[in-house]
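Chains as they are written, first to last, in the working numbering: chain E, 214 to 451; chain U, 182 to 719.
Yeah, the Cβ is synthetic: ideal placement off N, Cα and C, and Gly gets one too.
This structure is a prediction, so every number in the text was calculated from the model and none was measured.
Notes for the one structure printed next.
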Ligand SMILES: Cc1cc2nc3c(=O)[nH]c(=O)nc-3n(C[C@H](O)[C@H](O)[C@H](O)COP(=O)(O)O)c2cc1C
Ligand code: SF4
Ligand code: SF4
Ligand code: FES
């Protein structure tokens with residue numbers, strides 16, 4: 214495979230031809246914040262946290278879906294990007310109810326971690342505080358829509374890794390919701406195989422194992438990675 | 182079908198012409214004002230007068246002055262009657278030999294008509310949209326025949342490129358360049374899509390073209406398909422346009438019957454078919470990647486580009502997607518040559534543009550004007566200014582993606598670059614005139630509400646950001662906001678504009694930014710901490 218050389222934040226790096234800017238950066242030890250990206254899933258470029266500046270390109274582009282090119286000059290951490298990322302996090306925090314102190318994922322949450330890392334210490338927008346459902350009908354898992362950030366990782370895990378097609382998005386705009394089957398309670402979703410991969414994939418406290426209480430919810434992504442590596446590279450690495 | 186057949190149809194059609202023709206507008210605007218009953222009454226009156234052999238009553242498309250509907254034009258008297266009722270029919274028939282009927286006439290010398298230049302609408306109000314022979318009699322399918330039999334695909338692309346035509350769907354991307362890109366891709370399958378989703382509030386240009394002259398769009402699509410090497414086309418029409426859908430279905434059936442769609446068109450090796458797909462009412466489905474997902478049976482949500490549809494489109498194949506009006510420009514460009522087209526308009530914006538003139542202006546309806554005409558000519562001369570002696574305050578173009586041009590800038594020429602410079606956009610052709618009673622914060626809030634409702638919800642800044650923009654605008658309108666809120670609104674607009682995934686989010690702040698640019702005082706005057714006064718005293 215042909216290699217490409219490019220610079221990220223002034224650092225010269227080489228990348229594989231088909232790699233995304235995100236993958237190339239991570240290989241080179243350069244961190245770019247992400248929320249909707251999950252290793253092994255097709256990317257959708259939806260959360261917009263991984264936006265980067267590329268010299269000569271008219272717009273900011275999401276690193277997770279942008280392929281590297283020879284001679285590309287990428288900047289991942291400019292003042293402008295940091296400002297936008299903080300604002301997007303503020304918008305997400307204000308959209309639903311992210312009260313960390315009473316959340317199962319407190320301490321293990323990607324949203325919370327990013328907010329701390331990016332210095333998002335206050336929210337300028339009015340909290341919308343919607344009153345959303347919590348679906349605890351399923352025997353093993355629960356779904357708290359109040360914590361969902363609509364990253365669709367659970368949907369993509371369900372469709373592309375487990376291939377069950379149980380989870381989906383319904384509604385649009387701010388009324389979008391993650392649903393199971395034909396918008397039924399999870400327990401009645403006949404296609405669900407009870408595999409729990411969506412729970413593993415969720416970045417926040419929206420999907421959880423029943424019985425987990427505040428700050429107890431930890432995720433084990435290694436299972437997902439194991440399946441994807443096995444499928445794509447034919448390597449059974451435990 | 183060969184050239185001789187086309188000529189024969191035309192001659193036969195022209196030979197059958199009667200001495201007089203009533204052209205009754207059957208586009209949606211006049212239909213809603215009861216023009217179908219007017220047509221029936223005219224037919225009856227003609228029969229009662231025993232004039233069937235001398236008078237034809239023809240249903241036609243848009244006669245353009247929609248505010249005067251139902252409209253009836255009479256050939257060869259060269260008059261258009263307005264606000265015609267079925268009871269007027271006998272008087273109109275009696276008037277054929279010169280008598281003055283008690284029905285108001287449209288002033289055809291008025292700038293509203295005199296300043297129009299009809300390229301896209303050349304047949305609108307003249308041909309019977311339900312009769313392919315009527316279209317053929319007006320040079321229809323001649324361009325297609327010439328393209329297939331006398332030009333190579335590369336020639337066609339060269340002509341379109343040379344004409345300078347730019348996409349009429351909003352962004353103004355050069356059409357020839359787009360065609361060339363799709364033509365260059367190597368793929369066994371390619372598609373051509375006509376975007377007839379027209380979702381901007383107040384816009385009805387594309388609907389009018391489809392209702393008035395559907396064959397023109399079909400002909401443009403077939404020529405495009407030949408140029409890029411596609412065998413299958415789709416027209417994506419919104420479900421709210423039942424009349425346009427009916428006429429398109431009928432037009433496609435008639436074109437198939439004559440062999441203008443199907444295999445071996447004009448006895449060339451080229452084959453092409455068109456199917457209609459009906460959109461289910463989401464504005465975002467007009468965005469090309471969402472539209473393509475919707476045709477493929479998936480949820481209509483945009484995806485990041487690149488790859489562009491030209492490379493990776495419908496079912497993963499290279500796809501050409503153009504707007505209705507873009508396709509409608511193609512037959513005359515092929516027929517009259519690119520030089521003819523390039524002579525119309527300005528250096529960078531060639532040809533004409535169709536606008537749906539609406540709002541607080543005396544004459545509303547459909548206008549087609551050469552690019553480069555000033556907004557003042559459109560609003561004050563053609564539109565007659567604001568009614569009831571009020572002053573025009575601003576003109577909104579580009580709908581929810583556009584902005585408000587203040588009255589002080591009315592001398593701006595209508596071209597892509599000039600409107601962009603003013604923080605608005607050409608857009609697809611909505612033009613809303615606002616008078617002095619309009620409150621600009623309300624205008625901005627109206628469009629932001631629209632974007633909030635229509636956001637697909639895929640990306641965080643648009644989904645969660647438009648709601649906050651709406652909240653802040655509501656707060657300002659209600660007099661509850663502070664200078665700090667205004668600053669937050671401006672910062673938020675910048676974030677949503679620069680970080681959203683698709684054009685909907687990227688342009689949603691435009692109505693706010695443009696009203697802030699030209700009417701900032703109106704925002705300041707509403708703030709709790711009265712900075713307007715503070716500014717003045719400082
Ligand atoms: C939210 C959104 C809505 C759009 N709606 C339409 C539409 O209704 N009709 C249209 O032709 N283009 C629409 N577009 C533009 C299309 O994405 C695309 O650029 C256009 O169809 C290309 O055709 P053109 O090159 O002939 O203009 C829309 C774009 C966005 C972002
Ligand atoms: S439930 Fe979790 S994984 Fe699914 S969309 Fe919401 S936040 Fe993302
Ligand atoms: S900008 Fe808005 S409409 Fe476009 S993808 Fe994002 S949420 Fe959907
Ligand atoms: S990680 Fe790239 S957009 Fe979300």
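Nearest-angstrom Cβ-Cβ length linking residue i and residue j, presumed shorter than 8 Å
i: residue 432(U); j: residue 476(U); result: Residue 432(U) to residue 476(U), Cβ: 20 Å. No contact.
i: residue 286(U); j: residue 260(U); result: 5 Å
i: residue 384(U); j: residue 580(U); result: 6 Å
i: residue 472(U); j: residue 455(U); result: Their Cβ separation, rounded to whole angstroms, is 16 Å, which puts residue 472(U) and residue 455(U) out of contact at 8 Å.
i: residue 514(U); j: residue 522(U); result: 5 Å
i: residue 352(U); j: residue 385(E); result: Incorrect: roughly 23 Å between the Cβ atoms, too far for contact.
i: residue 495(U); j: residue 318(U); result: Not really, about 35 Å apart at Cβ, beyond 8 Å.
i: residue 274(U); j: residue 262(U); result: No, residue 274(U) and residue 262(U) are not in contact; Cβ-Cβ is about 12 Å, not under 8 Å.
i: residue 277(E); j: residue 218(E); result: 21 Å between Cβ atoms; not a contact.
i: residue 263(E); j: residue 243(E); result: Wrong, their Cβ atoms sit about 12 Å apart, outside the cutoff.
i: residue 261(E); j: residue 275(E); result: 6 Å
For residue i, the three-state DSSP class (helix, strand or coil)
i: residue 227(E); result: strand
i: residue 632(U); result: helix
i: residue 719(U); result: Confidence in residue 719(U) is poor, its pLDDT being 41 and thus under 50, which makes the residue's placement unreliable; the coordinate value appears in the next sentence. Residue 719(U): coil per DSSP, three-state reduction.
i: residue 319(E); result: coil
i: residue 443(U); result: strand
i: residue 383(E); result: strand
i: residue 446(E); result: helix
i: residue 440(E); result: helix
i: residue 612(U); result: strand
i: residue 251(E); result: coil
i: residue 282(U); result: coil
i: residue 198(U); result: coil
i: residue 454(U); result: strand
i: residue 219(E); result: strand
i: residue 376(U); result: strand
i: residue 464(U); result: helix
i: residue 413(E); result: helix
i: residue 362(U); result: helix
i: residue 256(U); result: strand
i: residue 385(U); result: coil
i: residue 240(U); result: strand
i: residue 232(E); result: coil
Residues that residue i contacts on chain E, provided the C-beta gap is smaller than 9 Å
i: residue 466(U); result: Residues of chain E passing the Cβ test: none, with the nearest at roughly 11 Å.
i: residue 463(U); result: 385
Per-residue contacts from residue i into chain E (C-beta, under 7 Å)
i: residue 634(U); result: 386
i: residue 674(U); result: In chain order: nothing, as chain E lies at least about 11 Å away.
7 Å Cβ cut-off: residues of chain U touching residue i
i: residue 360(E); result: Simply none; closest approach about 14 Å.
i: residue 314(E); result: Chain U residues near residue 314(E): none, gap ~22 Å exceeds 7 Å.
i: residue 337(E); result: 669
i: residue 275(E); result: 485
Given residue i as reference, the closest of the options once Cα atoms are compared
i: residue 637(U); options: 255(U), 370(U), 465(U), 294(U); result: 465(U)
i: residue 363(E); options: 344(E), 387(E), 340(E); result: 387(E)
i: residue 565(U); options: 197(U), 211(U), 291(U); result: 291(U)
i: residue 629(U); options: 688(U), 573(U), 532(U), 668(U); result: 688(U)
i: residue 323(E); options: 422(E), 395(E), 250(E), 406(E); result: 250(E)
i: residue 303(E); options: 295(U), 672(U), 304(U); result: 672(U)
i: residue 244(U); options: 236(U), 238(U), 277(U), 208(U); result: 208(U)
Within chain U, partners of residue i - CB distance below 8 Å
i: residue 307(E); result: 645, 649
i: residue 282(E); result: By Cβ distance, chain U contributes nothing, its closest Cβ being about 11 Å from residue 282(E), past 8 Å.
i: residue 278(E); result: 485
i: residue 261(E); result: 640, 641, 642, 680, 681, 682
Residues that residue i contacts on chain E, provided the C-beta gap is smaller than 8 Å
i: residue 622(U); result: Going along chain E, no residue has its Cβ under 8 Å from residue 622(U), so there is no contact; the nearest lies around 18 Å.
i: residue 693(U); result: In chain order: nothing, as chain E lies at least about 15 Å away.
i: residue 247(U); result: What residue 247(U) touches in chain E: nothing, since even the nearest Cβ is about 31 Å away.
Under 8 Å from the C-beta of residue i: neighbouring residues of chain C
i: residue 258(E); result: Included in the structure are the protein chains E and U, with no chain C among them.
Interface partners of residue i on chain U, CB under 9 Å
i: residue 264(E); result: 679, 680
i: residue 341(E); result: 645, 648, 649, 652
Notebook entry, point to check: What are the complete beta strand (DSSP E) segments, minimum 3 residues, inside the segment 323-374 of chain E?
Noted result: Annotation note: the segment 323-374 of chain E contains the following uninterrupted beta strand (DSSP E) runs of length 3 or greater, listed N- to C-terminal: 354-357.
Item checked: 4 or more residues per run - each alpha helix (DSSP H) lying fully within the segment 504-574 of chain U -> Within the segment 504-574 of chain U, the runs of alpha helix (DSSP H) at least 4 residues long that lie entirely inside it are, in chain order, 505-517, 519-524.
Note to self: Ignoring anything shorter than 4 residues, give me the alpha helix (DSSP H) runs that lie fully in the segment 658-697 of chain U, in order along the chain.
What the structure shows: Listed in chain order, they are 664-680, 684-688.
Next item on the list: Enumerate, from N- to C-terminal direction, the unbroken alpha helix (DSSP H) stretches of 4 or more residues contained entirely within the segment 274-314 of chain E.
Entry: Fully enclosed alpha helix (DSSP H) runs of 4 or longer: 292-308.
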